[in-house]
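**Student:** One structure follows; several queries about it will come next.
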Amino acid sequence: MANGIKCKCRRCMCRGLMGPAVLITIGAIFLIDRTPWGYGFGHLWPILLVVIGLVKLAEALASTEGHTGPGGSSGGGSGGGS
Ligand SMILES: [Zn+2]
1 MANGIKCKCR RCMCRGLMGP AVLITIGAIF LIDRTPWGYG FGHLWPILLV
51 VIGLVKLAEA LASTEGHTGP GGSSGGGSGG GS
């Protein structure tokens, strides 16, 4: 997965949030599952899809300015513009 990526751009940071966000969501769902509120994993699992979607969306919208790792067009150099 993360092969020692030290890139500090926002997109890579959002990508790094995916794992913890999924774990936290699953933990919260199981926590709610143990409450007597009547909501179980069967009711709440779509939240996981929403969270994954939100992280993916944030990743897609985040800027890659300062990206230094592989898997992206290297910015900078002769480009012109602002
Ligand atoms: Zn990056």
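Taking my numbering, the leading residue of the sequence shown gets 1, the next gets one more, and so forth.
Beta carbons are placed, not taken as given, at the ideal position from N, Cα and C, and that holds for glycine.
Are A62 and C14 touching if we call contact CB-CB under 8 Å?
**Tutor:** Translated into positions along the sequence shown, residue 62 becomes position 62. Translated into positions along the sequence shown, residue 14 becomes position 14. Contact: yes.
**Student:** Cβ of G94 versus every heavy atom of ligand 1: is any distance shorter than 7 Å?
**Tutor:** No answer is possible for residue 94: it lies beyond the span of the chain, which begins at 1 and ends at 82.
**Student:** Heavy atom of ligand 1 less than 7 Å from the Cβ of H67, yes or no?
**Tutor:** Taking the sequence shown and counting its residues from 1, the one referred to as residue 67 is at position 67. At least one heavy atom of ligand 1 is nearer than 7 Å to the Cβ of H67, so yes.
**Student:** Do T25 and ligand 1 come close, with the Cβ less than 7 Å from some heavy atom?
**Tutor:** In the sequence shown, counting from the first residue as 1, residue 25 sits at position 25. Checking every heavy atom of ligand 1 against the Cβ of T25, none is found closer than 7 Å.
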